[in-house]
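Down below is the structure, laid out as structure tokens.
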Amino acid sequence: SDMRVLIVDDSRTMRRIIINTLQKLGYKDCFEASNGREGIEQLAAQQVDIIITDWNMPEMSGVDFTRVVRANEQTKHVPVLMITANAAEDDIVEAMRAGVNNYVVKPFTPDTLKEKIDAVLAARLQHQDNVTVVKLEQVS
């Protein structure tokens, strides 16, 4: 697959885990950013097909980062998958309102990550915009 994936996470270890998992799933084209600001710089430098971002990061939270992505004409259609340690309903609602397409709760398995990526990409192909939010929990 020649999907270009941007991984935004302040933990280098977590970025490694995500990238290793993605490479096993066939996603070889991975870009990294250690915070939201770097993520925005990466998005300005190249086109990406999907963004995987952590929630809790210094400088800019994953939710704030997503708001910036959604407000930008160039990036507003890029699917965002958020990785979070807490799946409290209020947080999920806040993330979805900000424009996150789906989320993965840590710790996760490669299968879960694949499922979520497939879901956001399928939704993107179906609608070509971010109006429809796929909540896999309700589907499966």
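Quick note on numbering: the working numbering labels position 30 of the sequence shown as 63, and the sequence is numbered without any gaps. Quick reminder that beta carbons are idealized off the backbone N, C-alpha and C, glycines included.
L39 is bridged by DSSP to F64 and I84.
Residue state for L58 is assigned as coil, using DSSP reduced to three classes.
When only Cα atoms are considered, N135 and A156 end up about 10 angstroms apart.
Contact between D144 and I116 does not hold, since the beta-carbon distance rounds to 15 angstroms and is not under 8 angstroms. Going by DSSP, T117 is part of the beta strand (DSSP E) stretching over V113 to T117.
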